[in-house]
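These notes are about the structure you will find just below.
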Amino acid sequence: MFYAVLFCAFFLLLHFTQHLNLLSETSFLNWDAAHYFFIKENGYEGFRVAFFPLFPFFWGLLHIGPAAMAFLNGLIYMGGVSLLFAVLNITDKRYFFLALSCPSLLFMFLPYSEAVFFLSAVILLIGLHKKNNLAVIAGLLLCSLARPVAYIFIPAVVLTEFLTGTDHKKILLNSLLYSFAIAFGLFITVLIQHHYTNDWFSFFKAQAGWGNYFRLPELPLNSWAGGTIVRLDGTALLIGVIASIAAVMLLIKKINKNIISDSKVLVFSILYLGGIAMFVLFFRGGWLFSLNRFVFATPFFLVASYFFLQKIHLTSKQLLICFFAVTLYWFLFKSFVHIQTLLKYEALTVYLLLFTLFHHENKAVRTISFIGCLVGNIFLLLFLYYRFLSGGWVG
Numbered sequence: 174m175f176y177a178v179l180f181c182a183f184f185l186l187l188h189f190t191q192h193l194n195l196l197s198e199t200s201f202l203n204w205d206a207a208h209y210f211f212i213k214e215n216g217y218e219g220f221r222v223a224f225f226p227l228f229p230f231f232w233g234l235l236h237i238g239p240a241a242m243a244f245l246n247g248l249i250y251m252g253g254v255s256l257l258f259a260v261l262n263i264t265d266k267r268y269f270f271l272a273l274s275c276p277s278l279l280f281m282f283l284p285y286s287e288a289v290f291f292l293s294a295v296i297l298l299i300g301l302h303k304k305n306n307l308a309v310i311a312g313l314l315l316c317s318l319a320r321p322v323a324y325i326f327i328p329a330v331v332l333t334e335f336l337t338g339t340d341h342k343k344i345l346l347n348s349l350l351y352s353f354a355i356a357f358g359l360f361i362t363v364l365i366q367h368h369y370t371n372d373w374f375s376f377f378k379a380q381a382g383w384g385n386y387f388r389l390p391e392l393p394l395n396s397w398a399g400g401t402i403v404r405l406d407g408t409a410l411l412i413g414v415i416a417s418i419a420a421v422m423l424l425i426k427k428i429n430k431n432i433i434s435d436s437k438v439l440v441f442s443i444l445y446l447g448g449i450a451m452f453v454l455f456f457r458g459g460w461l462f463s464l465n466r467f468v469f470a471t472p473f474f475l476v477a478s479y480f481f482l483q484k485i486h487l488t489s490k491q492l493l494i495c496f497f498a499v500t501l502y503w504f505l506f507k508s509f510v511h512i513q514t515l516l517k518y519e520a521l522t523v524y525l526l527l528f529t530l531f532h533h534e535n536k537a538v539r540t541i542s543f544i545g546c547l548v549g550n551i552f553l554l555l556f557l558y559y560r561f562l563s564g565g566w567v568g
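Residue numbers (the working numbering): 174 to 568.
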């Protein structure tokens, strides 16, 4: 119902502005969607080996157009998020609306791999929550066929087992089993790509061609398309930095005090968010393009943010400290070059801090926080969707 209302509002906006042509088939084939469509139609060729096979091959089996695939992706995502919230018993309606309105979820309603990856990751998280190894292995395998996540997932599953377990034999066995499932998914991908290219290393060569190799990030940090997208990807990096700090704290507690975490779902989510952010930062030299969808358009972000919003209770002094800390963080993006630029970053800082007031003791503050965040989310979601359909880069 929520997304039906949003689509109606978006449809009316396009109607009254005479831009209904943006809902044509070709409008859905911008950027990565065009590459997935090519793979669906022709198989792998050239630089497109950088894209993993699960989504385009799934699309190829359906024999449907880009708009229909976008609609089906939306249904896949809605089924996945409903299943996740039901299994994890997330019943807070306010959080439910905030989660559904996350701006980067626009990718769930495009012919991108995000919805398939989302559902695969939900299977993984449910397996971790239910301690069902079969579901964990299935989720890991599907995820590794949908995205190049082996670099992130293998360290994450090993650390998750270490941080949440005390039985060393079980930790070792699970780590090996889960790592094998991830590596097997990568092997299948390489095998498929070798079939089309006759090159066992085509994926790794393509990654280097796209600029994905280890190097120190250069300042200022940046992204493609400038302005709004830089701030969006910068926010995703901020989430990743916070997750990395949380992961280090968990590791210190385990090593120094032998304190284990009781939620594999939360620990894996934190490790993924921190891992993907650091990977993009150090393997793209400070260019953060697409990081927002790697972070926000995942169930890992929904799980970690739910825990964060439940636990965070900041005093006025702590809010002020956070405001100045985030302001300094934006300096990495050269936010100080012009007063208008600085004000845009500061407005984003205020918007982000509104989320920390989600469970404030004052009801009026809680209401203002929720409404402000929800309205901001919806506006950005529709704006970014319009931008994509118009041919603009989003992530």
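We put the beta carbon where it would ideally sit given N, CA and C, even for glycine.
Item: Select from LEU461, LEU446, ASN550 the residue whose C-alpha is nearest the C-alpha of PHE473.; Value: LEU446
Item: Is the shortest distance between the beta-carbon of SER442 and the beta-carbons of chain C less than 8 Å?; Value: Chain labels in this structure do not include chain C; a single protein chain is all it has.
Item: Counting Cβ pairs, one atom from each stretch, are 3 or more of them under 8 Å apart for the stretch 424 to 435 and the stretch 448 to 459?; Value: no
Item: Using a threshold of 8 Å, state whether the C-beta atoms of LEU313 and TYR351 are closer than that.; Value: yes
Item: Expressed to the nearest angstrom, what Euclidean distance is found between the alpha-carbon atoms of PHE531 and ILE344?; Value: 36 Å
Item: Can you check DSSP and say which residues form a bridge with ASN395?; Value: TRP460
Item: Write down the C-beta distance between MET281 and ALA470 rounded to the nearest angstrom, noting that I regard them as a contact closer than 8 Å.; Value: 7 Å
Item: Reducing DSSP to helix, strand and coil, say where ASP406 ends up.; Value: helix
Item: Tell me which residues share the same chain as SER375 and place their Cβ nearer than 6 Å to its Cβ, disregarding the 5 neighbours each side in the sequence.; Value: VAL222, GLN366
Item: Helix, strand or coil, according to DSSP, for GLY216 in the structure here?; Value: coil
Item: What does the Cβ neighbour count give for TYR217, buried or exposed, with the cut at 16 atoms within 10 Å?; Value: buried
Item: From this set, LEU278, GLN191, LEU195, PRO284, which residue's C-alpha is nearest ILE237's C-alpha?; Value: PRO284
Item: Under the three-state reduction of DSSP, which class applies to LEU292: helix, strand or coil?; Value: helix
Item: Jot down the residue ranges of each uninterrupted beta strand (DSSP E) in the stretch 499 to 540, minimum 3 residues, whole runs only, in chain order.; Value: none
Item: What's the C-alpha gap between LYS507 and LEU464?; Value: 18 Å
Item: SER396 and LEU461 - do their beta-carbons sit closer together than 8 Å?; Value: yes
Item: Determine the direct distance from the alpha carbon of LEU444 to that of ARG404, and round the result to whole angstroms.; Value: 23 Å
Item: In terms of alpha-carbon separation, which member of ILE212, THR529, PHE211, GLY219 lies closest to ASN371?; Value: GLY219
Item: I need the DSSP call for PRO390, collapsed to helix, strand or coil.; Value: coil
Item: Are there 16 or more other CB atoms within 10 angstroms of the CB of ARG388, so buried, or fewer, so exposed?; Value: exposed
Item: By a C-beta neighbour count over all protein chains shown, 10 Å radius and 16 as the cutoff for buried, is LYS213 buried or exposed?; Value: buried
Item: Could you pull out every residue in the same chain whose Cβ sits closer than 8 Å to the Cβ of CYS495, ignoring the five residues on either side in sequence?; Value: LEU487, LEU526, THR529
Item: Less than 8 Å separating the beta-carbons of ILE449 and ILE325?; Value: yes
Item: To the nearest angstrom, how far is the alpha carbon of TYR502 from that of ILE485?; Value: 20 Å
Item: Since LEU547 contacts SER255 with CB under 8 Å, what's their CB separation in whole angstroms?; Value: So it is not a contact: roughly 19 Å between Cβ atoms.
Item: Between LEU202 and the rest of its own chain, which residues show a CB-CB distance below 6 Å, the 5 nearest in sequence each way excluded?; Value: PHE210, PRO239
Item: Report yes if the C-beta distance between LEU521 and THR362 is below 8 Å; otherwise report no.; Value: no
Item: Using CA atoms only, rank isn't needed, just tell me which of GLY458, LEU493, ILE418 is closest to ALA381.; Value: GLY458
Item: For VAL421, count the other beta carbons within 10 Å of its own beta carbon; 16 or more makes it buried, fewer makes it exposed. Which is it?; Value: exposed
Item: Measuring CA to CA, which of LEU261, ALA259, PHE228 is closest to ASN246?; Value: PHE228
Item: Please state whether DSSP places LYS304 in a helix, a strand or coil.; Value: coil
Item: Just how far apart, CA to CA, sit VAL295 and PHE480?; Value: 16 Å
Item: What residue range does the alpha helix (DSSP H) around TRP232 cover?; Value: 227 to 235
Item: Please report the residue range of the alpha helix (DSSP H) in which GLN142 lies.; Value: Beyond the ends of the chain as shown, which are 174 and 568, falls residue 142; an answer cannot be given.
Item: Would you kindly work out how many angstroms separate the C-alpha atoms of GLY549 and ASN215, rounded to a whole number?; Value: 40 Å
Item: Does LEU257 come out as helix, strand or coil in the three-state DSSP assignment?; Value: helix
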